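Notes follow once the structure below has been shown.
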Amino acid sequence: MNAAGPTLFDWARRAARPVFYLGNNRVSQLGVVLTTASAITLLTFYTTEFFGVHPGPYVGIITYLILPGVFVLGLLIIPAGIARKLRRERRAGQLPPTYPQINLADVRLRETIYFVIVMSGLNLALFLTATYRGVHYMDSTQFCGLTCHSVMEPEYTAYQNSPHARVACIECHIGPGAPWFVRSKLSGAYQVLSVNLNLYSRPIPTPIEDLRPSRETCEQCHWPLKFHGDKIVVRPHFAEDEPNTKTYTVLSLHTGGIDPLTRQPVGNHGVHLMPAAQIDYYAADHARQQILYVRYRKADGQVVEFVAGDAGKPLEELRAQPLRQMDCMDCHNRPTHTFELPGPALDRALNAGRIEPALPFAKKQGLELLQLSYASQAEAASQLRTRWRDFYRQQHPALFNSHRQAIEQGADALVDIYSRNVFPQMNIFWSTYPNNLGHDPAPGCFRCHDGAHSTPDGSRTIPNDCSTCHALLAFEEPEPDILKTLRGE
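At position 78 of the sequence shown the residue is numbered 77 (numbering that gives the first Met the number 0), and the sequence of numbers has no breaks.
Next comes the structure, spelled out in C-alpha cells:
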C-alpha cells in the first residue's frame with residue numbers, strides 16, 4: 000500500500016474481491032452462458048446481414064427483439080446470482096469476515112480480469128448496437144406488414160399495390176421525436192397482446208381519431224395549394240355484353256390551387272384548403288359518411304353555416320358538437336390502403352390485357368364470379384379458376400380449345416383481383432372500406448355536395464353541379480373526339 004494512502008487501483012482491487020467470491024455460483028454462471036451464447040448468435044446474424052443475407056420477418060424478430068432480450072436477461076441474472084449467494088451465506092452464517100485476496104501475480108487471475116474487462120466493453124457495444132438495430136427493425140415496413148401477418152395482411156397487400164408503396168409506414172403513422180416513439184411502442188404492445196389473445200377486431204377499423212394531421216404527413220411531399228390547373232383523366236370501361244364493348248369517359252378534374260395570375264384560390268384544392276379560410280364539419284357516424292353540419296369561416300372572419308336537410312337536430316345542438324377541421328384525408332381517405340371495387344378492377348385488367356377482351360362475356364362473367372361468397376381466399380382461388388374454365392368449356396367449347404392460354408391468364412387475373420381486395424378471414428369484402436375520392440359507390444363528394452346542405456335561412460346551398468369539381472369531356476363513348484385531339488389525330 001502506498002504511504003500516502005490507498006490508490007484508486009487498491010480501491011478497485013478491494014471492491015472486486017466480493018464480486019469474484021460471490022460471483023462463483025451457478026446462477027451467475029448461467030447468466031454468463033446466456034449472455035455469451037446470445038452475443039455469439041447476434042454477431043453471427045449481424046455478420047450474415049452485412050454480407051447481404053437479409054432475414055425474414057420472423058428471423059428478424061428473433062435477431063432484433065428476442066436475442067437482445069436474452070442478452071440483457073443474462074446480464075441481469077449475473078448480479079441476481081451474486082445477491083442470492085450473499086443472502087444465503089449471510090443467513091447460514093457462512094459469509095467470510097474478509098473476502099479472499101486477489102493476487103494479481105496469478106497469471107490465470109490476470110487473464111480472467113482482462114477477459115472480463117474486454118467482454119464488458121464488447122457487451123456494452125453489442126447492447127447499444129442491438130438496441131439501435133431493434134428500434135430500426137421495429138420501424139421497418141417489413142415488421143409492420145409481415146410480423147402480424149394474419150391481421151395486417153389486407154392493409155399490407157393494399158399498401159404494396161398503392162402509389163405510396165415506397166413510403167415507409169412510420170413516415171405517416173408515427174411522428175418524430177420521443178413522445179411519438181413511446182406512444183407507438185405502447186400502442187404496438189397492446190396490438191401484440193390483442194393478436195396473441197385473439198382480441199382484435201375483424202375488420203380492423205380505420206384509425207380515424209389517431210391519424211396524424213395531413214400537414215405533418217401528406218404535405219411533406221404534396222403541396223395542395225401549388226397551382227396544378229386541370230388534370231385530364233381517361234377511364235376506359237367495358238360493358239357486360241358479349242364483345243365486352245369498350246368505351247371511354249374523359250374528365251377534366253379542376254384540381255386547382257392558388258392561381259398564379261389572380262392569386263385567388265380556384266378548383267378543388269384551392270377552395271377546400273385555402274390558407275386564410277377554414278372548413279369545419281360534424282359527422283354523425285364514425286366513418287364520417289353522414290355529414291350534418293358544415294361551418295365555413297372566410298378569410299375576413301365571416302362565418303357561413305350549412306345544415307343537412309335531414310340533420311334532425313336544431314342548429315344550436317349541431318354547433319355544440321365536436322367539429323373536425325377539413326384536410327386532405329377527408330377526400331383522400333384511402334391514399335395508400337386502397338381496396339378496389341370489382342367493376343373498376345376488371346376494367347383495368349381488361350384494358351391492360353391481363354384478361355383478354357376477345358373472350359366473350361369476360362366482364363360479365365368475371366363480375367358475377369368475383370361477387371360470389373367464398374369462405375376463404377384459398378376456396379375463392381379454386382372456385383374462380385374452376386367456374387371460369389367451366390363457363391368457356393360449356394358455353395364456348397371451340398374457343399376453350401383455341402384460346403386456352405388466354406382463359407388461364409384470365410383466371411389468374413380474377414384470382415389476383417380477389418386476393419388483393421377480399422379477405423374473408425378478416426371480414427373484409429367489397430366496399431368494406433368506403434373511398435371518398437369520387438362519389439360511386441360511396442357518397443364521397445356528395446356527403447356535402449348533395450344539394451341538401453343549406454344555410455339556416457335557405458339563401459345558399461352547397462352546390463351539387465357536376466361541373467363544380469370536373470368537366471365531363473366524354474361519357475362512355477367508343478371513340479371520343481377529345482381523345483383524338485389529345486393524341487394529335
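Glycine residues also receive a C-beta, built at the ideal position from the N, C-alpha and C atoms. What you are looking at is a predicted structure, and each value in this text was computed from that prediction instead of being measured.
Presumed contact (8 Å Cβ cut-off) between residue i and residue j, rounded CB distance
| i | j | result |
| --- | --- | --- |
| L345 | Y417 | Not confirmed; about 11 Å, so no contact. |
| H268 | H469 | Between H469 and H268 the Cβ distance is about 13 Å, and since that is not below 8 Å, they are no contact. |
| L317 | L291 | 6 Å |
| I481 | A473 | 5 Å |
| V306 | S453 | 7 Å |
| N420 | E339 | 5 Å |
| L66 | T40 | 6 Å |
| Q376 | P341 | In fact, because the Cβ distance is near 15 Å, the residues do not count as touching under 8 Å. |
| F360 | E478 | 23 Å between Cβ atoms; not a contact. |
| A441 | G308 | Contact flag wrong, Cβ pair sits at about 20 Å. |
| Q288 | R132 | Not a contact, Cβ separation roughly 43 Å. |
| S161 | T335 | 4 Å |
| G187 | H227 | Between H227 and G187 the Cβ distance is about 37 Å, and since that is not below 8 Å, they are no contact. |
| F237 | P356 | 7 Å |
| L145 | Y136 | Not quite, the Cβ-Cβ distance comes to about 12 Å (not below 8 Å), so this is no contact. |
Boundaries (first-last residue) of the beta strand (DSSP E) holding residue i
| i | result |
| --- | --- |
| A470 | 469-476 |
| A282 | 277-282 |
Proximity winner among the options, relative to residue i (alpha-carbon distances)
| i | options | result |
| --- | --- | --- |
| D229 | V249, R214, E241, R211 | V249 |
| G80 | N24, M118, T35, V117 | N24 |
| G409 | D240, Q277, L349 | L349 |
| P204 | P162, F19, V150 | V150 |
| P84 | S139, C217, T46, P17 | Pro is not the amino acid found at residue 84; the sequence shown has Lys there. Among S139, C217, T46, P17, the Cα nearest to that of K84 belongs to P17. |
| C171 | L192, R384, S139 | S139 |
| I257 | C465, R211, P223, N332 | P223 |
| I173 | S193, C143, Y189 | C143 |
| G300 | D284, I278, P321 | I278 |
| F114 | V303, Y189, T35, L145 | T35 |
| Y503 | H271, R294, P274, T128 | Absent from the model: residue 503. The displayed extent of the chain is 0 to 488, so no value can be given. |
| D329 | E304, R211, V69 | R211 |
| R384 | D411, K363, H448 | D411 |
| V564 | I77, G68, V71, F44 | Residue 564 lies beyond the residue range present for the chain, which begins at 0 and ends at 488; the question has no answer from this structure. |
| M325 | S213, F399, Y136, V134 | S213 |
| V69 | G30, G92, D464, T46 | G30 |
| L471 | L260, R262, W387, V232 | V232 |
Three-state class that DSSP yields for residue i in the structure shown
| i | result |
| --- | --- |
| M0 | Confidence at M0 is low in this model, with a pLDDT of 47, below 50, so the placement of that residue should be treated as unreliable; the coordinate-derived value is given next. It is coil, neither helix nor strand. |
| A377 | helix |
| K483 | helix |
| H452 | strand |
| I116 | helix |
| R318 | helix |
| I203 | coil |
| Q324 | strand |
| T385 | helix |
| T460 | strand |
| Q141 | helix |
| E241 | coil |
| M273 | coil |
| N122 | helix |
| L21 | helix |
| R211 | coil |
| N195 | helix |
DSSP bridge partner residues for residue i (one or two, in chain order)
| i | result |
| --- | --- |
| E304 | R294 |
| K230 | L252 |
| H489 | Lying outside 0 to 488, the shown extent of the chain, residue 489 is not represented and no answer is given. |
| T40 | Bridge partners of T40: none, in fact. |
| P264 | I257 |
| I169 | Answer by DSSP bridge pairing: none, since I169 is not bridged. |
| I427 | F422 |
| T146 | For T146, which the question treats as bridged, DSSP gives no partner whatsoever. |
Extent of the continuous alpha helix (DSSP H) to which residue i belongs
| i | result |
| --- | --- |
| Y417 | 403-420 |
| G176 | It is not in any alpha helix (DSSP H) - G176 carries neither H nor E in the DSSP assignment. |
| K84 | 66-91 |
| K312 | Per DSSP, K312 belongs to no alpha helix (DSSP H) and is neither H nor E. |
| A164 | Taken as a continuous stretch (DSSP letters only), A164 belongs to no alpha helix (DSSP H), as it is neither H nor E. |
| K225 | From DSSP, K225 is part of no alpha helix (DSSP H); its letter is neither H nor E. |
| A357 | Where A357 is concerned, there is no enclosing alpha helix (DSSP H), given that its DSSP letter is neither H nor E. |
| L342 | According to the sequence provided, residue 342 is Gly. The question's Leu does not apply to it. It spans 341-351 - the alpha helix (DSSP H) in which G342 sits, taken as one unbroken run. |
Any non-hydrogen atom of the ligand FAD within 8 Å of residue i CB
| i | result |
| --- | --- |
| E241 | Ligands are entirely absent from the displayed structure, and the ligand FAD is therefore not among its contents. |
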